[in-house]
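Trainee: Residue numbers (my numbering), protein chains in the order written: chain G, 1 to 393; chain A, 1 to 364.
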Amino acid sequence: MTAAQTPVVYLDHAATTPMVPAAVEAMTAHLLDVGNASSLHASGRRARRVVEESRETIAQALDCRPGEVVFTSGGTESDNLAIKGVYWSRRTEDPRRVRILATAVEHHAVLDPLHWLETQEGATVELLPVDDAGRLDVDALAEAIGRDPESVALVSVMWANNEVGTLQPVDAVVRLAATHGIPVHTDAVQAVGAVPVSFAASGVDALSLTGHKVGGPYGVGALVCRRELAVTALVHGGGQERDIRSGTIDPPAIAGFATAVELAVKEQATYAARVGALRDRLVSGVLSVVPDAVLNGDPTDRLPNNAHFSFPGCEGDSLLMLLDARGIECSTGSACSAGVPQPSHVLLAMGRSDAQARSSLRFSLGHTSTEADVDALVEAIGPCVERARLASR
Amino acid sequence: MKVIAAMSGGVDSAVAAARAVEAGHEVTGIHLALSRNPASYRSGARGCCTIEDANDARRAADVIGIPFYVWDLSDRFHDDVVEDFMAEYAEGRTPNPCLRCNEKIKFAAVLDRALALGFDAVATGHYAVLKDGADGVELHRSADAAKDQSYVLGVLDQEQLRHSLFPLGDTPKPLVREEAARRGLLVADKPDSHDICFVADGDNAGWLKEKLGDRLPNTEGAIVDEAGLELGRHDGTVGFTIGQRRGLRLGRPAADGKPRFVLDIEPVSGTVTVGPREHLAVSHLSGIKPRWAGSTPSSLDGSVQLRAHGDEHRCRVTVGDTVEIELLDPAYGIAPGQAAVLYDGTRVVGSATIASTRRVPVER
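1) Is residue 305/A helix, strand or coil by DSSP?
2) Are the beta-carbon atoms of residue 298/G and residue 133/G separated by less than 8 Å?
3) Report the rounded CA-to-CA distance for residue 47/A versus residue 54/A, giving the unit in angstroms.
4) For the beta strand (DSSP E) containing residue 186/G, list its first residue and its last residue.
5) Assign residue 96/G to buried or exposed, taking buried as 16 or more other Cβ atoms, counted over all protein chains shown, within 10 Å of its Cβ.
6) For residue 387/G, return the contacting residues in chain A, with the cut-off set at a CB-CB distance below 8 Å.
7) How big is the Cα-Cα spacing for residue 379/G and residue 326/G?
8) Taking Cβ positions only, does residue 158/G come closer than 8 Å to chain D?
9) Taking the DSSP output, what are the residues bridged to residue 2/A?
10) Mind checking who residue 356/A pairs with in its DSSP beta bridge?
11) Would you kindly check if the distance between the Cβ of residue 4/A and the Cβ of residue 155/A is under 8 Å?
12) Out of curiosity, what's the CA-to-CA distance linking residue 46/G and residue 146/G?
13) Tell me the residue span of the alpha helix (DSSP H) that contains residue 147/A.
14) Quick one: give me the first and last residue of the alpha helix (DSSP H) that residue 171/G is part of.
15) What residues are listed by DSSP as bridge partners for residue 225/G?
16) Step through the CB atoms of chain A and report whether any lies within less than 8 Å of the CB of residue 9/G.
17) Look up residue 275/A in the DSSP assignment and say whether it is helix, strand or coil.
18) Would you mind telling me which residues of chain A sit closer than 8 Å to residue 15/G, beta carbon to beta carbon, in chain order?
19) So residue 115/G and residue 365/G are in contact, right, with Cβ under 8 Å, and what is the actual spacing, rounded?
20) Strictly under 8 Å for the Cβ-Cβ distance: is residue 318/G near chain A by that measure?
21) Please report the Cβ distance between residue 121/A and residue 142/A, rounded to the nearest whole angstrom; I am assuming they are in contact, meaning their Cβ atoms lie under 8 Å.
22) Do residue 226/A and residue 275/A count as a contact pair if the criterion is CB distance below 8 Å?
23) Going by beta-carbon coordinates alone, are residue 202/G and residue 75/G separated by less than 8 Å?
24) Threshold first: 3 residues or longer. Then list the beta strand (DSSP E) segments lying entirely within the stretch 80-145 of chain G, N to C.
25) Within its chain, find whatever has a CB closer than 6 Å to the CB of residue 199/G; leave out the 5 residues flanking it on each side and keep chain order.
26) Is there a Cβ from chain A that is less than 8 Å from the Cβ of residue 321/G?
27) Where does the unbroken beta strand (DSSP E) through residue 315/A begin, and where does it stop?
28) Answer with buried or exposed for residue 27/A, where buried requires no fewer than 16 other C-beta atoms within 10 angstroms of its C-beta.
29) Return no unless some Cβ of chain G is closer than 8 Å to the Cβ of residue 42/A.
30) Does DSSP put residue 445/A in a helix, in a strand, or in coil?
31) Is the beta carbon of residue 95/A within less than 7 Å of some heavy atom of the ligand FAD?
32) In the DSSP assignment, what are the bridge partners of residue 66/A?
33) Can you round the beta-carbon distance between residue 261/G and residue 382/G to whole angstroms, since I take them to be within the 8 Å contact cut?
34) With 16 as the cutoff for other CB atoms within 10 Å, does residue 268/A come out buried or exposed?
35) List the residues of chain G that residue 69/A touches, going by C-beta distances under 9 Å, in chain order.
36) Does the Cβ of residue 11/A have 16 or more other Cβ atoms within 10 Å, making it buried, or fewer, making it exposed?
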């Protein structure tokens, strides 16, 4: 970084957040260690010990058993493993189980595997409606299960929405599914460290999390899944991770990941209070400058670090570019797989129009966020919205 | 100046962006996403609609050290360029979508958005020269005749030209490639694009038949000679262009043994008329929808170019409600829908869309 560079106001922590120093320390402490965690000699045992201690640390933080933690390469792999792995094993047990129920606002790491199972593996996917805050319609879920509970392989409902921040009624989902012994998966990638997450208390059968959203490294995550839940492997090989996820284990990354999870969970309450106050300052600041901006998602029952707005008459893309030019970084929250930005499926599911969806921006705070960051945004947003409106006419 | 550099992912626009930076401008790179569904248009590395092209543009912007964004203009492109292309062909005309894209997208939708967002100009990798003249900014041919792209810019008006930058000017292409390599731009040896970017494999007829579907004016008809005698059948007039020689699949040779060319296309009856090359000779063009680079001339003794990389024909032009172009050198294979770009020496005066042509009278 050169001295002349504009200081960056980073408001995209939901995309990825900087590593915390303790996680960097824990990770780098093992980078020069030799030893495959599957080897039987002393070096192998040392590597294995790092992995198992990390597993125990995560288990303690998330209130699960160490044996329930399956390390993966991150949130996307965890979601794929849960969706495909549970679908396959449940259908093998009973070929009638071909239905998968999920919300319409899941992350693409859930939606795309669902779509793939539908086109390639004979699954029937039902995407359940949400209200205008993006929260699952629990009655619709009850109806969908009640219609034919024997045919449901799996229910997948995210803990908190990554775009608009709304928390989902996971408790109600678990209660409905448990009546019929249907396993529940939840993508908790955005929730861990932001809101209290207890695997045992939640009653879910599988939970996805990832390192780089909690102050840990990229490329490592976990699927927490109950021992009783049969999961068919996606990746075959050396039989690591309960034979569910083969591949040489990465002790340094896992050590950094575990340290980050431990710290994030330990500090969750103070973090949520501090960042929540910053977020409230951001929301009221933006609304005072742009009174017709619309805060999307549930106004209170949401992630403490998330503020998601529609700015009527603006293209989110224009606004993002204008803010970026002033050193303020945020996200349109839209999938951009082909380079062509698509209107957010989350906002469309919430009943917003194409134009409303395209006028949206997500600001997400994190452990390095300050009042100065928020104030810089509040100062810049007025003129940027004004300009972006000119460009959309 | 604050400049938007339109970066296709090719070598020309990458070097143009780098030169704009070097000239002291504050440059932001953009790649235009023009296809609603990239898989439905061309796939491969030679269009401007593929994910690879967007990545190439992004990497070039990284190397140059400028911000980079993708602008989604797929709806505008579809409505203004693709639909127009289809409708024109359905009417039996032969449009040039590249001119249309420059007129409606690159130097209109993009330029308007750029100006509204606080930019001053749009830079592209076109080979053409801008000069300050008495009448404002003048657009001239590039010195490298083989690469000159002033023809496809002939639709730009003074306001558009005033906010345009063509940093490649008249640098010969090989030097641009060398410069790209010297600057560490990995697109230095990427092949040039030639065909219409949204038509896979350059198969216009196949593409049009698939996309037009129910809107095809006909799906079969007669191929006749000038006396009306049927020589064969065809499976749709959209497959034909005036002046076309290949693919007629006529069983019977002409009486004089000479090759036959498409002279006329009649979409309603589905009739394609063929005849010898000399009957294609055109002496007069009537143009509509004129676009002037500067002030509107009342007349011109100059030259006209009728297709990209086509020859220049000396002409005498009268401008009224229409643009009447008398060709001093006859032109062959000229179809309604093509653009006639008018030059005074190397300077682009303006352009018109050919509405009708008058053939050189033929003695029978």
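Glycine residues also receive a C-beta, built at the ideal position from the N, C-alpha and C atoms. Just so it is clear, the structure is predicted and the values come from calculations on it, not from any experiment.
Mentor: Looking at the atomic coordinates:
1) Correct three-state label for residue 305/A: strand.
2) In terms of Cβ geometry, residue 298/G and residue 133/G form a close pair [threshold 8 Å].
3) Model confidence at residue 47/A stands at a pLDDT of 44, short of 50, so the residue's coordinates are unreliable; what they give is reported in the following sentence. If I take the Cα positions, the gap works out to 10 Å.
4) Unbroken beta strand (DSSP E) run through residue 186/G: 184-187.
5) Label assigned to residue 96/G: exposed.
6) In chain order: 116, 117, 118.
7) Their backbone Cα atoms lie some 11 Å apart in a straight line.
8) Protein chains in the displayed structure are G and A, and chain D is not among them.
9) Beta-bridge pairing links residue 2/A to 26/A.
10) 286/A, per the DSSP bridge assignment.
11) No, they are not a contact pair.
12) In this structure, the CA atom of residue 46/G is about 51 Å from the CA atom of residue 146/G.
13) Under the DSSP assignment, residue 147/A falls outside any alpha helix (DSSP H); it carries neither an H nor an E label.
14) Unbroken alpha helix (DSSP H) run through residue 171/G: 170-178.
15) 206/G, per the DSSP bridge assignment.
16) For residue 9/G, the answer is no, since every Cβ of chain A falls outside 8 Å of its Cβ.
17) In the three-state DSSP reduction, residue 275/A falls in the strand class (E or B).
18) Those within 8 Å of residue 15/G in chain A number zero; the least Cβ separation is about 16 Å.
19) Actually they do not touch by this definition, with Cβ atoms about 32 Å apart.
20) Residue 318/G belongs to the set of residues whose beta carbon lies under 8 Å from a beta carbon in chain A.
21) About 19 Å separates the CB atoms of residue 121/A and residue 142/A; that is not less than 8 Å, and the two are not in contact.
22) In this structure, residue 226/A lies closer than 8 Å to residue 275/A by Cβ.
23) For residue 202/G and residue 75/G, no; Cβs fall outside 8 Å.
24) Entirely contained in the stretch 80-145 of chain G, the beta strand (DSSP E) runs reaching 3 residues are, in chain order, 99-103, 124-128.
25) Excluding its 5 nearest sequence neighbours in each direction, residue 199/G has C-beta neighbours in its own chain below 6 Å: 62, 63, 64, 207, 224, listed in chain order.
26) In terms of beta-carbon proximity, residue 321/G lines the interface with chain A, with at least one pair separated by less than 8 Å.
27) Counting along the chain, the beta strand (DSSP E) containing residue 315/A begins and ends at 312-319.
28) Burial check for residue 27/A: the Cβ neighbour count within 10 Å reaches 16 or more, so the residue is buried.
29) Note that residue 42/A has pLDDT 44, beneath the 50 cutoff, so the model's placement of it is unreliable and the number below is only indicative. By this cut-off, residue 42/A is not an interface position.
30) In the structure as shown, chain A starts at 1 and stops at 364, and residue 445/A therefore has no counterpart that could be examined.
31) With respect to small molecules bound, the structure shown includes none, and the ligand FAD cannot be examined in it.
32) DSSP output for residue 66/A lists no bridge partner at all.
33) About 39 Å separates the two Cβ atoms, so there is no contact after all.
34) Label assigned to residue 268/A: exposed.
35) The answer, in chain order, is 317, 320, 321, 324.
36) Buried, by the Cβ-count rule.
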